[in-house]
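Trainee:
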């Protein structure tokens, strides 16, 4: 499996100009990979007018009129667990198995019936050894990540890229959670890991359900039971042990690792899409998707 080739050295400052591109990670205490610290320059620049990306300096979530969000700080990641590989059961495409709640909402499944591999830092859909790779960095509390997901689900991009010989890695990061009272970013990323690990054929439904469950404001509380209910409404039959694992933080270390890996790779704003280790330098969701090309 490939990951973006850009690696930040210890103590390196990421240019403030990059922060203007989107929903960023400005705190110098943003999580870092083991034995490495990624320092990001503080900025008050916003991205008003930069369509399709979140701008730093504003609260995550909102009343529907504010589309900007801001990341905060979280603890450093520690060693993550070994990779887990599973194939989706041939019980039907996940993209066609949406719940009534998901169907009624804007976001729907963007992932078809493919093999799913959970690694230390992401969730790979398709063959991890494919000739090409696409990485999608997203935060479940980022409104522009929701918009990118809608575009991906509407035109079947992920299925098409896999058919063209690529793997697609979903990397849910916790950039925005620390500045909210609910830490939806981290908790939703943990829930996606659980589903990918135990119910891979439901990955697409879980991703859509979690985007649809995004709190309307940074101070809105979403309980563990409500988060689990959102997944169950999407047709994912969780066990009591699953609920206990989420509530007990069993997948939090993995989320820290995914977030640290993104920061180490130089991902300072979300959403971002990378192809074969190179960032697609576009703003809007439509441009990001159209910019995915294989040599």
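Residue numbers (mature numbering (1 follows the signal peptide of the UniProt record, and there is no 0)): -20 to -1, 1 to 275. Don't be surprised by glycine CBs; every beta carbon is placed ideally from N, CA and C. Note that the coordinates shown come from a computational prediction; the quantities given were computed from them, not determined experimentally.
1. Contact defined as beta carbons within less than 8 Å: I believe residue 189 pairs with residue 213. What is the distance between those atoms, to the nearest angstrom?
2. Pull up the distance between the alpha-carbon of residue 273 and that of residue 194, whole angstroms please.
3. Which one of 173, 192, 89 has the shortest CA to CA distance from residue 123?
4. What is the DSSP secondary structure of residue 240, counted as helix, strand or coil?
5. Which residue marks the beginning of the alpha helix (DSSP H) containing residue 255, and which one marks its end?
6. Excluding the 5 residues preceding and the 5 following residue 267 in the sequence, name in chain order all residues of the same chain whose CB lies nearer than 6 Å to its CB.
7. List in chain order: all unbroken alpha helix (DSSP H) runs of 4+ residues lying wholly within the region 166 to 250.
8. Would you say residue 183 and residue 96 are within 7 Å of each other, going by their C-beta atoms?
9. Using a threshold of 7 Å, state whether the C-beta atoms of residue 105 and residue 170 are closer than that.
10. Rounded to a whole number of angstroms, what is the C-alpha to C-alpha distance between residue 120 and residue 135?
11. Beta strand (DSSP E) containing residue 152: first to last residue?
12. Helix, strand or coil: which one does DSSP assign to residue 95?
13. Can you find a CB in chain B that lies within less than 7 Å of the CB of residue 172?
14. Of the residues 255, 168, 244, 202, which one's Cα is nearest the Cα of residue 283?
15. Starting from residue 116, follow its DSSP beta bridges and name the residues at the other end.
16. Could you name the residues of the same chain whose beta carbon sits closer than 6 Å to that of residue 209, not counting the 5 residues immediately before and after it, in chain order?
17. How should residue 320 be labelled, buried or exposed, when 16 other C-beta atoms within 10 angstroms of its C-beta is the threshold for buried?
18. Taking only the alpha-carbon atoms, compute the straight-line gap between residue 112 and residue 141 and give it to the nearest angstrom.
19. So the beta strand (DSSP E) residue 105 belongs to, where does it begin and stop?
20. Suppose the cutoff is 6 Å on Cβ atoms and the five residues either side in sequence are ignored; what does the same chain contact list for residue 271 look like?
21. Just mark residue 145 as buried or exposed, buried being the case when its beta carbon has 16 or more other beta carbons within 10 Å.
22. With DSSP run on the structure shown, which of helix, strand or coil describes residue 258?
Mentor: Based on what the coordinates show:
1. 7 Å
2. 31 Å
3. 192
4. helix
5. Where residue 255 is concerned, there is no enclosing alpha helix (DSSP H), although the beta strand (DSSP E) it sits in stretches over 252 to 255.
6. none
7. 183 to 192, 204 to 213, 220 to 227, 232 to 244
8. yes
9. no
10. 20 Å
11. 146 to 152
12. strand
13. Of the chains in the structure shown, none is chain B; there is only one protein chain.
14. Lying outside -20 to 275, the shown extent of the chain, residue 283 is not represented and no answer is given.
15. 150, 253
16. none
17. Residue coverage of the chain in this structure runs from -20 to 275, which leaves residue 320 outside it and unanswerable.
18. 9 Å
19. 103 to 105
20. 260, 262
21. exposed
22. strand
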